[in-house]
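The working numbering applies: residue 1 is where the sequence shown begins, and numbers increase by one.
Ideal Cβ positions, reconstructed from N, Cα and C, are used throughout, including at glycine.
The next block holds one structure in the form of structure tokens; read it before the comments.
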Amino acid sequence: MRFTHALVRPPGDSFAAGLTTAGLGPPDVALARSQHQRYLHALEACGVAVLRLAPDEKHPDATFVEDTAIITARGALLTRPGAAARRGEVTAIGRALATMFPVMEAIRAPGTLDGGDVCDADGHFFIGLSDRTNEDGARQLAAWLAQRDYGSAIIDIRTMPGLLHLKSGLAHLRHRRLLTVNALAGHPALQGWEILRVPPDEGEAANCLAVNQRVLIPAGFPKTGHALRRLGLEIIELDVSEFRKMDGGLSCLSLRWQINRWNRPLAGATTGGGRE
Ligand code: CIR
1 MRFTHALVRP
11 PGDSFAAGLT
21 TAGLGPPDVA
31 LARSQHQRYL
41 HALEACGVAV
51 LRLAPDEKHP
61 DATFVEDTAI
71 ITARGALLTR
81 PGAAARRGEV
91 TAIGRALATM
101 FPVMEAIRAP
111 GTLDGGDVCD
121 ADGHFFIGLS
131 DRTNEDGARQ
141 LAAWLAQRDY
151 GSAIIDIRTM
161 PGLLHLKSGL
171 AHLRHRRLLT
181 VNALAGHPAL
191 QGWEILRVPP
201 DEGEAANCLA
211 VNQRVLIPAG
221 FPKTGHALRR
231 LGLEIIELDV
241 SEFRKMDGGL
251 SCLSLRWQIN
261 RWNRPLAGAT
271 TGGGRE
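Shown next, in the form of structure tokens:
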């Protein structure tokens, strides 16, 4: 799908108080802001119109907007994040998206779902069962997708070390080609898909983001960059060191969609054009 729009929220002053297991030390908030700014410019360079929300000081993890909603070409669904501390982020995102997606349902308790566990591979959705997304949440999403004629497959990552979310280790590049960590590569749900494995010492590079004709990849993973270039993909390397300190990566910093008949254009925004 060609993305025309993205929603982002720069990190606030409270960013360092967010959830983390990385053990990489506290993030430098000023540096995080400038890395975020470069991320926005990269999205714009890919032809995406970026809607920028104000930082949310009450929710230190609110810059990871992707976890709060699932946006498909056939509608949007609000999540119920697995970390209780993050549930309050959803209201503001719902308000922002309501101007474009007039009808929005939400994951209901006891279900939990983080957007980072949902990988849209051109209309087929891989849903991760993780410490954040439970079976009830995954089933609610699968049913919501099925009502919209989308297929889905659930992948349990709870025993896979180092993966907070499914997309910490899996990305759809394009044309049924997936970039994955080793632990996911042999999963039955991925059978029939073309798999490109990231080298074991570059596992974090699997958290990349294909945007229109380009792939945004985290800086510092030269073998993965080389492999993607060899496939003829144009890559943009971005330093996300300060987001990695908070367990985040490239995909979680935005919600992306395409303007089409299921949603409404955003007044005043310019679009990157294109079709699904
Ligand atoms: C959290 O633990 O929820 C945040 N510190 C990081 C969330 C990253 N989100 C993502 O990869 N989708």
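Check                                                                                                       : Outcome
Collapsed DSSP secondary structure at residue 46 in the structure displayed                                 : coil
Environment of residue 146 [buried if 16+ CB atoms lie within 10 Å]                                         : exposed
Host beta strand (DSSP E) of residue 93 (start-end)                                                         : Where residue 93 is concerned, there is no enclosing beta strand (DSSP E), although the alpha helix (DSSP H) it sits in stretches over 89 to 98.
Bounding residues of the beta strand (DSSP E) (the contiguous stretch that carries residue 257)             : 255 to 257
DSSP-derived helix/strand/coil call for residue 3                                                           : coil
When 256, 240, 201 are compared against residue 39, the one with the closest alpha-carbon                   : 240
Cβ-based burial, residue 149 [other Cβ within 10 Å; buried from 16]                                         : exposed
Nearest-angstrom Cα separation, counted from residue 30 out to residue 119                                  : 30 Å
Boundaries (first-last residue) of the alpha helix (DSSP H) holding residue 141                             : 135 to 147
Contact test: residue 69 Cβ vs the ligand CIR heavy atom, cutoff 7 Å                                        : no
Cβ neighbours of residue 235 in the same chain (closer than 6 Å, five flanking residues each side left out) : 215, 217, 225, 228
Pick from 36, 11, 9, 49 that is closest to residue 2, judged by C-alpha positions                           : 49
heavy atom of the ligand CIR below 7 Å from residue 19 C-beta                                               : yes
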